[in-house]
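In full-length UniProt numbering, the protein residues as written are 1 to 72.
Shown next, in the form of structure tokens:
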């Protein structure tokens, strides 16, 4: 999945909250891992805002989360 990080929540297709611990992870809550094999989903962050990629906004608030249903 390729995403572009937007500074405006209203422009985002996806709103996620970064968390520190595995037990906090649920839909829309992301935890960064160091090893690719530990990831459930690999996300590439683009520096180009194009129409064919999803825009993501990182929030500090769990009630603002808006995630996509992704096929595995």
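All C-beta atoms in this analysis are idealised placements derived from N, C-alpha and C, irrespective of residue type, glycine included.
Give the single residue among 14, 13, 30 and 15 whose Cα lies nearest to the Cα of residue 21.
30
Output yes or no for whether 9 Å exceeds the beta carbon distance between residue 32 and residue 18.
yes
Using three-state DSSP, classify residue 55 as helix, strand or coil.
strand
Give the DSSP-derived three-state secondary structure of residue 46 in the structure shown.
strand
Check whether the Cβ atoms of residue 45 and residue 5 lie closer than 9 Å to each other.
yes
Quick one: what's got a C-beta closer than 8 Å to residue 16's C-beta in the same chain, skipping five residues either side?
28, 29, 30, 56, 57, 58, 59, 65 and 67
Mark residue 39 as exposed unless 16 or more other C-beta atoms lie within 10 angstroms of its C-beta, in which case mark it buried.
exposed
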